[in-house]
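Inspection log for the structure reproduced underneath, given as structure tokens.
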Amino acid sequence: MISDITLGQFFPGFSLLHKLDPRTKLIGAILFIVAIFMAKTPLAFVLLTLFTVAMILVSRISFSVILRGIRPVVYILIFTSILNIFMTKGAGEPLVAFWVLKIYKEGIIRAIFMTVRVILLIVGSSMLLTYTTSPISLTDGLESLLSPLAKIHIPVHVFSMMMTIALRFIPTLVEETDKIMNAQKSRGADFSSGSLVRRAKALIPIIVPLFVSAFKRAEELAVAMECRCYRVDKKRSKLVKLSFGARDFLSFAVFAVFLAGVILISRMSPALFGGGALARALCYRI
Amino acid sequence: MEDKKKYVILAEHLTYVYEDESDAHDVPPAVSDVSFAVEAGEYIAILGHNGSGKSTLAKLCNMILTPTEGRLTVLGREVTAEDFTEEDMFDLRADIGMVFQNPDNQLVATVVEEDVAFGPENLGLAREEIRRRVNAALSAVGMEEYAHHAPHKLSGGQKQRIAIAGILAMKPSVILFDESTSMLDPLGRAEVVSIMERLNREEGITVIHITHYMDEAARASRVIVMNDGRIAFDGHPSKVFSNVERLHALGLEAPQGVELIYELKKEGFSHEGYPLTEAECIDALTLMLGGEANV
Amino acid sequence: MYKLELKNVSYLYSKNTPFEKLALSDVNIGFEAGKITGLIGHTGSGKSTLVNLLNGLNRPTEGTVLLDGKDIWEKPKEIAKIRTEVGLVMQYPEYQLFDETVRADIGFAPRNLGLEEEEIERRVAEAIAFTGIDGALLDKSPFELSGGQKRRVAIAGVMAMGSSVLVLDEPAAGLDPRGRREILDGIHAYAKKNGLTVILVSHSMEDMAYYCDNVIVMNRGRVYMQGTVDAVFSDAEALMDIGLNVPMVARIAAALRKKGFPLEGTLYTVEGVKNAILRMRKEGKA
């Protein structure tokens, strides 16, 4: 059933990562992403990976859950890796040459780094954001971070209200889609056979009622909100206050040091580690 | 003028016509020349078939619609006055809450307690005060343990209780229930009706309940029956429901006990008036039949 | 032989997930041909699950659903055909309206069956006659109609499919007493004229008592009681044990009998109790 899908895949818990202020996590995620793009050497990637593993351990979310999160992008990763391997032209002799296809060392390295980078990006940001932060506190965090924009008349709280309502109604509308599909199937509608045009046409009996109902819901909700004194132009107070604690400042420090570390390590020359083969490999710049 | 102050709602010759955008022909008014007064602490049921104007009447009282004609005074403020501003309207609305029909379409937030807090947040109250009100409102509807749940996972009756809590958190003196029980199953209905009654009895909140369940209306202290935009009956339920034949003609029914006694009277049994509750009906029938058995 | 039968049917929601839930367990029910059978039970008693099994929207986890003695899941690819033989009117069916005119919307199901235009026209005419839709509305958009009218159009849209079994889930929910009466009267007349087997789901004991021949009571995923309306409603205590209400007039009649009044016969409708009292008076006088 489609209604089993949960949006954003939030896993409630009480770990340090769960308890952090959403703003800390948002900024942390940005720093982490910057770090990923600043990482230029294998050593830097080792550091990034260690850091990601540490976050997973802290969150107490199982590794199998995280692997499942990567599954949807596996095909894209394979596809781009193949492109990288075959399309990258290296300086030296190709490792393999077959007909017009030539594989260079650089291509393989690039494919590996790209894959690691994407995986770290997905795992790291979902660790910090979706997995450990409820959608509502994420919205609150965003609103708070963007609140300076209100000074230049960008209606930040309106966007945040829109996002909250969207999150509230997605499960309702998913359920409704299920219901409408069942009703039309019960009237002999066929969604799964025929040409593409026919199938697209077969969606009309689902889409029209869904839109009609969504607009009706929107209208009723608007009236209900106004009856509860909601006004776009009026300042609202908040039940939940976001507040930075000691752990947030500490986490900031950790993220900052980490980012600095990644940048620094990426610039280290192999000479620092004695200049041996291993050192040269670890400090190989991509 | 002083006289008017004692009413929570005072409607004088109210008329409302929906504007028909599609074609210009005359649309009959949804509410037509309606006058009535509601005193503080009353428990009123409004009955009427679909399209009788009962929902329109509620929307007028809550200022969702503006009367086409007539004068409306809510909580001592004349809503139809020239100098009544939008600011005044929002001031009043905190005092006159409305619970709607579809429980899904009035919940805003993804967490129960944040939804209950929505009204007080709009009023700009201090955080501690909001917290106090949210807790009090949730306990008034018996939903404290669901404070951190997602609304979409609750039953219809539970959602409606959250909606009521959301209104209570604004501390209104009047609550309008616009067919709030019609989408619920019997258990959900019973829960909502008992909350309504408790709020009226214990908190002194004026309750106006629009419904087409006769058994719910029979529990109110006053019933108003709407038909074709006008008030057909207005009085104590035992009085209103005694007009069985007229009610049928208006597309309504009386509670089954009343219907039975009415039928028996037609067959020559005699009894004064119409009892409403089951126990009263049993007593009345015992008396009626006991008389027969003695013959 | 029953028209529609469930044999040892169980149904599990979200099988093999942490959300697994047994909705129906070992259910055995027979629906007699040409009879109107009421289905009662609390929300969550398994009623709605049962409804979705009857026309093949869901497949039982265990057990079989038999239509005219044949397993409806014998050829899973032909399940769409079963759905046209067992018509289903879902709760608040006005959600399913989508077409440009009332006529086209009611004709949606017969058109999906590939019927001739003439036959479609005939079926639309019959369906609107029984659901009390004014012929003048046929060329209007279904979205212009009032709530009650939409409900009628939606029911007519399933009637027009010409199924031999009709399952209706709370067809009168949310309507006023007159609308309720008219719709149920129409369904009753249509069923009796065409010899349909009808399964009527309702919370209203009054409607059950008035319109049904047989009643099935569900409780916690099992069949709690089944039999004729007389048999089920005469055991008011068993119904009240699971928190179901019996019609007010039935409770009054039961109380009168307890007081020693010899009431006999149908004691759960106003009409029935009135007649019983009149009979008693006649015999008492005689």
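Order-wise, the sequence lines are chains A, B and C.
Residue numbers 0 to 285, in numbering that gives the first Met the number 0, belong to the letters of the first sequence in order.
Residue numbers 0 to 294, in numbering that gives the first Met the number 0, belong to the letters of the second sequence in order.
Residue numbers 0 to 285, in numbering that gives the first Met the number 0, belong to the letters of the third sequence in order.
No residue lacks a Cβ here, since even glycine has one placed at the ideal position from N, Cα and C.
Remember, predicted model here, so these are calculated numbers, not experimental data.
Residue-level contact to chain A via CB, residue i, 7 Å cutoff
i: B/Q295; result: Outside the modelled stretch of chain B, which goes from 0 to 294, sits residue 295 of chain B, for which no answer is possible.
i: B/T65; result: no
i: C/Y94; result: yes
i: C/K2; result: no
i: C/F30; result: no
i: B/N242; result: no
Inter-residue spacing [alpha-carbon to alpha-carbon] between residue i and residue j
i: A/Y283; j: A/I111; result: 13 Å
i: C/I35; j: C/S203; result: 15 Å
i: B/E201; j: C/T42; result: 30 Å
i: A/G89; j: A/L281; result: 19 Å
i: C/P261; j: B/L286; result: 15 Å
i: B/A136; j: B/V73; result: 24 Å
i: C/D175; j: A/S58; result: 54 Å
i: A/C226; j: C/A32; result: 51 Å
i: A/Y103; j: A/L277; result: 21 Å
i: A/S2; j: B/H151; result: With a pLDDT of 37 at A/S2, under the threshold of 50, the modelled position of this residue cannot be trusted; read the value that follows with caution. Roughly 11 Å between the two C-alpha positions.
i: C/S162; j: C/N54; result: 11 Å
i: A/Y229; j: B/D87; result: 14 Å
i: C/G40; j: B/A164; result: 28 Å
i: A/L166; j: A/G140; result: 15 Å
i: A/L241; j: A/T23; result: 10 Å
i: A/L19; j: A/L49; result: 20 Å
i: B/A116; j: A/P269; result: 59 Å
Any chain B beta carbon closer than 7 Å to residue i
i: C/P261; result: no
i: C/A254; result: yes
i: A/E175; result: no
i: A/E105; result: no
i: C/T227; result: no
i: C/I251; result: yes
i: C/M247; result: yes
i: A/L166; result: yes
i: C/T196; result: no
i: A/S14; result: no
i: A/L238; result: yes
i: C/R177; result: yes
Assigned exposure category for residue i - 16 Cβ within 10 Å defines buried
i: C/D168; result: buried
i: A/P71; result: exposed
i: B/G156; result: buried
i: B/L275; result: buried
i: C/G194; result: exposed
i: A/I81; result: exposed
i: C/N218; result: buried
Per-residue contacts from residue i into chain C (C-beta, under 8 Å)
i: B/E196; result: Chain C residues near B/E196: none, gap ~18 Å exceeds 8 Å.
Chain C residues whose Cβ lies nearer than 7 Å to that of residue i
i: B/G50; result: S145
i: A/V64; result: Those within 7 Å of A/V64 in chain C number zero; the least Cβ separation is about 12 Å.
Where residue i meets chain B, residues with beta-carbon distance less than 7 Å
i: C/K258; result: T285
Cβ of residue i within 7 Å of any chain C Cβ
i: B/P28; result: no
i: A/I179; result: yes
i: B/I281; result: yes
i: B/D184; result: yes
i: B/A292; result: For B/A292, the predicted model reports a pLDDT of 44, less than 50, meaning its position is unreliable and no value from the coordinates is stated.
i: A/A182; result: yes
Contact list for residue i against chain C, beta-carbon separation under 9 Å
i: B/S297; result: Residue 297 of chain B lies beyond the stretch modelled for chain B, which goes from 0 to 294, so this question has no answer here.
Heavy atom of the ligand NAP within 6 Å of residue i beta-carbon
i: C/Y267; result: For the ligand NAP, the structure offers nothing, since it holds no ligand at all.
Proximal residues of chain A, C-beta to C-beta of residue i below 9 Å
i: B/F99; result: E219, V222, A223, C226
Residue i: contacting residues in chain A (beta-carbon distance under 7 Å)
i: B/F89; result: C228, R230
i: B/Y151; result: In the sequence as presented, Tyr is not what sits at residue 151 of chain B; that position holds His. Result: P170, T171.
i: C/G156; result: R186
i: C/F97; result: I203, P204, V207, P208
Interface partners of residue i on chain B, CB under 8 Å
i: A/I135; result: A108, T109, V110, E113
Under 8 Å from the C-beta of residue i: neighbouring residues of chain A
i: B/G103; result: Here the sequence assigns Asp to residue 103 of chain B, which means Gly is not the residue at that position. The contacting residues are T171, R216.
Neighbour list for residue i in chain B, Cβ cutoff strictly below 9 Å
i: A/K234; result: G123
### Task
Report the residues of the stretch 262 to 283 of chain C with a CB closer than 7 Å to any CB of chain B, ordered along the chain.
Under the 7 Å Cβ criterion, the stretch 262 to 283 of chain C contributes V269, V272, K273, I276, L277, R280, G283.
### Task
Please name the residues in the stretch 250 to 268 of chain B whose beta-carbon is closer than 7 Å to at least one beta-carbon of chain C, in chain order.
G250, L251, E252, P254, Q255, G256, E258, L259, E262, L263, E266
### Message
Against chain A, which members of the stretch 189 to 222 of chain B pass a CB distance test of less than 9 Å?
### Response
none
### Query
Along the stretch 123 to 155 of chain B, what residues have a CB closer than 7 Å to any CB found in chain C?
Residues passing the 7 Å Cβ filter: S154.
### Query
If contact means a Cβ-Cβ distance below 7 Å, which residues of the stretch 73 to 85 of chain C contact chain A?
A79, R82, T83
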